[in-house]
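Enquirer:
Protein chains in written order, with the working numbering: chain A, 107 to 232; chain B, 175 to 605.
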C-alpha cells in the first residue's frame, strides 16, 4: 500500500517540485493550497505525513497545526513545516504548536527527502 | 560654567558628609553665620578659605567652584546601572567626574550613544517583525528562491526525466526567475531607495536637536529676515531629521518675525523678562515668548535658559538643555515637571520655582503653558502641546516661598515615597 503525503503549500512551483521528488520516492502525493479548510482536508485525506507551509491564504500553518493537535488521533501525525521565517521565535512557536520538523526556505531537495524519510521511519517505529 | 553656586555645593557636600554647619565653620575658623551666608550664595568665596572647606569636606576645590554638570552625573549613574557584569563605584561617582571630567564626559557620551543605537536596533528589529510589506516581500523572495533551488536541483540531479516533466520544470524555472528578479528589485527599492526606509532608521528629533545645539540655538540668517530655506541642512543625514529640523526652523522664523531681535533686546533692557508682560507687549501668545526667550544668546538674559516642548502623550518633542537641570530624552521624565503639570490646566500660564532632587541645590524658574493645536475640522478634538522655559535662578536672588521638588527621572530620583514612582531608583540612599 502506497504511503500518502499531503502537501499544503500555496506556491505551485514548490508544490510541483516536491510532488515530483516524493513521487519518485514511492509516495502518493496530494496537494492543497488553502489554509482555511486545511483541517478538513487533512482529516479527509488521512495521510501518513503532512508537509505544511506557514504562510497560507485563509489560515496560517501555525494555527492549522495547533488546531490539528487538538483533534483525536492527530497528536502523532508527522508534520513537516516549511517557512520563510527562520527566526528562533518562529521555531519556538512551531515547537509549541506541536511540529515534528521545522525547515526554512530555501531548502534543498536532499533536506526535504531526508526529513520525510526520518519522520516516516519514526512514525512507523512508534 | 559660571561660578554662581559654590555656596550651594558647599552646603550639599556638607550635608552629604553629615557635618553640622557650626562644626564645619569651627573646623575652618569662621563663624557659623558667615558660613550660612556663603552657603546661600550671599558671600563670594575663594582662596585659602575655599581650600580649607574643600579639605574639611574631602573634595577637590574645583568640585565646589565648578560643580559637575547635572546631566553628566545623571548619564554616569545610568551608565553604571546599565553595566552588565561590572559593579561601578557609584558612591565615588562625583569624585570621579570631578577629578576626570574629560573621561567622565566620554563615558557619558558613549552611554548616550549606546542607548541611541539600542533604540535604533529595536526599531529595526520591530520593523522586521511587524512591517507587513517587508514580511510579505521577504516571504515572496525566499519562496521563489526555494522553488528555483528545488526545481534546478531536480533538473541537474535527475538522470532520466520524462520530457513532459522536464518542459514543465523549465517553464517553472523561467517563471520563478522572472518573479525573483521583480521581487528582489522591489525589496531593494523598499529598503534602500525609499525615503520611507530612511525615515525609520534614526531618531529624527535627536538629530534635529543636535543641529540646533551645534548652532547654539541661534540662526543669524533667520534673525536677519531669512527663512528656513537659507539654512544649510546638508550635514543632517536622514531625510526625516531634515524634515523635523526644517519644521523647527519654520517655527523659529515665525517667532523671530513676531519678536524681532532688536525689539526683544530693547524690551529686556527696560524690564525683567516676564513672559506674560512680553506676550502683551508683542501681542503674541505665550508659547512664542517662551520659545523666543530660549533661543536668545545667553548674554541677552544673563543666565542659562533651557526649553522643553512635549505633546499630551508626554513625549518630548524638543529640548534645549540647561546646566544643572537634567532632561531625560525618552519619555522617562518626572511627571511633576511644570511642562507636564501644565497639560492638566491648558491655557493657564504656570510659573514654578523648582529644584531637582538628587542634584545640586540649584533652583530654576520654570514657566509652562499648554495650548491646543490647530484642528482640521468641526468637532475635532485638538491635540495639546506644552512648552516650558527653564531659567537658572540668579545668584543671590531671594528664595521663593514655595519650591517644587521634582526629579530628573525615576531611576536617579531619591524620593522613594513618591506616589508617581514608575520604577525603583538606582540610588541606594538619598543623595
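No residue lacks a Cβ here, since even glycine has one placed at the ideal position from N, Cα and C.
Which of helix, strand or coil does DSSP assign to residue 134(A)?
Expert: strand
Enquirer: Considering residue 546(B), what are the terminal residues of the beta strand (DSSP E) in which it resides?
Expert: 537–546
Enquirer: Comparing the C-beta of residue 131(A) with each C-beta of chain B, is any distance below 7 Å?
Expert: no
Enquirer: For a quick check, are the C-beta atoms of residue 212(A) and residue 595(B) less than 7 Å apart?
Expert: no
Enquirer: Which residues in chain A have a C-beta closer than 7 Å to the C-beta of residue 190(B)? List them in chain order.
Expert: Residues of chain A passing the Cβ test: none, with the nearest at roughly 48 Å.
Enquirer: Got a sec: is the Cβ-Cβ distance from residue 361(B) to anything in chain A below 7 Å?
Expert: For residue 361(B), no CB of chain A lies under 7 Å from its own CB, so it is not counted at the interface with that chain.
Enquirer: Specify, as a first and last residue, the run of the alpha helix (DSSP H) that residue 418(B) falls within.
Expert: That run of the alpha helix (DSSP H) goes 413–432.
Enquirer: Can you tell which of 438(B), 400(B), 460(B) and 379(B) has its C-alpha closest to the C-alpha of residue 475(B)?
Expert: Nearest option by C-alpha distance: 438(B).
Enquirer: Quick one: give me the first and last residue of the alpha helix (DSSP H) that residue 227(B) is part of.
Expert: 221–230
Enquirer: Roughly how many angstroms lie between the CA atoms of residue 531(B) and residue 512(B), to the nearest whole one?
Expert: 15 Å
Enquirer: Along the segment 308–329 of chain B, what residues have a CB closer than 7 Å to any CB found in chain A?
Expert: Residues 312, 313, 316, 317, 319, 320, 321, 323, 324, 325, 327 and 328.
Enquirer: Return the Cβ separation of residue 578(B) and residue 510(B) in integer angstroms, given the expectation that the two are a contact with Cβ distance under 8 Å.
Expert: For a cut-off of 8 Å, the C-beta gap from residue 578(B) to residue 510(B) is around 7 Å, short enough to register as a contact.
Enquirer: Please classify residue 559(B): is it buried, with 16 or more other beta-carbons within 10 angstroms of its beta-carbon, or exposed?
Expert: buried
Enquirer: Classify residue 517(B) as helix, strand or coil using the three-state DSSP reduction.
Expert: helix
Enquirer: How big is the Cα-Cα spacing for residue 445(B) and residue 430(B)?
Expert: 20 Å
Enquirer: Touching or not, the segment 376–391 of chain B and the segment 418–425 of chain B, by the rule of three or more beta carbon pairs under 8 Å?
Expert: yes
Enquirer: What are the start and end residues of each continuous beta strand (DSSP E) run of 3 or more residues lying completely inside the segment 446–488 of chain B, in chain order?
Expert: For the segment 446–488 of chain B, the full-length beta strand (DSSP E) segments reaching 3 residues or more read 479–485 along the chain.
Enquirer: Where do the ends of the alpha helix (DSSP H) carrying residue 359(B) lie?
Expert: Element bounds for residue 359(B): 337–362.
Enquirer: So residue 349(B) contacts chain A; which residues on that side make the cut at Cβ distance below 9 Å?
Expert: Neighbourhood of residue 349(B) in chain A, by CB distance below 9 Å: 119, in chain order.
Enquirer: Checking the sheet assignment: what are the DSSP bridge partners for residue 559(B)?
Expert: 485(B) and 545(B)
Enquirer: Should the segment 333–342 of chain B be regarded as contacting the segment 198–218 of chain A, the criterion being three or more beta carbon pairs within less than 8 Å?
Expert: Contact fails: fewer than three Cβ-Cβ distances are below 8 Å.
Enquirer: Can you tell me which of the three DSSP states residue 332(B) falls into?
Expert: coil
Enquirer: Is there a Cβ from chain D that is less than 7 Å from the Cβ of residue 229(B)?
Expert: This model lacks chain D altogether, as its protein chains are A and B.
Enquirer: Any idea if residue 449(B) is buried or exposed, counting beta-carbon neighbours within 10 angstroms, 16 or more meaning buried?
Expert: buried
Enquirer: What are the boundary residues of the alpha helix (DSSP H) that residue 439(B) is part of?
Expert: 435–444
Enquirer: List, in order along the chain, the chain A residues whose C-beta lies closer than 8 Å to that of residue 339(B)?
Expert: 126
Enquirer: Of the choices 294(B), 555(B) and 568(B), whose alpha-carbon is the least far from that of residue 215(B)?
Expert: 568(B)
Enquirer: Strictly below 7 Å CB to CB, what residues from chain B border residue 123(A)?
Expert: 321, 324, 325 and 328
Enquirer: Of the choices 288(B), 239(B) and 221(B), whose alpha-carbon is the least far from that of residue 249(B)?
Expert: 288(B)
Enquirer: Checking 7 Å against the spacing of the C-beta atoms, do residue 432(B) and residue 479(B) come in under that value?
Expert: No, the Cβ-Cβ distance between residue 432(B) and residue 479(B) is not below 7 Å.
Enquirer: To the nearest angstrom, how far is it from the Cα of residue 211(B) to the Cα of residue 494(B)?
Expert: 32 Å
Enquirer: If you draw a straight line from the alpha carbon of residue 372(B) to that of residue 506(B), how long is it in whole angstroms?
Expert: Model confidence at residue 372(B) stands at a pLDDT of 43, short of 50, so the residue's coordinates are unreliable; what they give is reported in the following sentence. Going by the C-alpha atoms only, they are around 26 Å apart.
Enquirer: Kindly indicate if chain B contains any beta-carbon less than 7 Å away from that of residue 163(A).
Expert: no
Enquirer: DSSP three-state label for residue 567(B), please.
Expert: coil
Enquirer: Is the distance from the Cβ of residue 138(A) to the Cβ of residue 157(A) below 7 Å?
Expert: Contact: no.
Enquirer: Output the distance between the C-alpha atoms of residue 455(B) and residue 238(B), rounded to the nearest integer angstrom.
Expert: Rounded to whole angstroms, residue 455(B) to residue 238(B) spans 41 Å at the Cα level.
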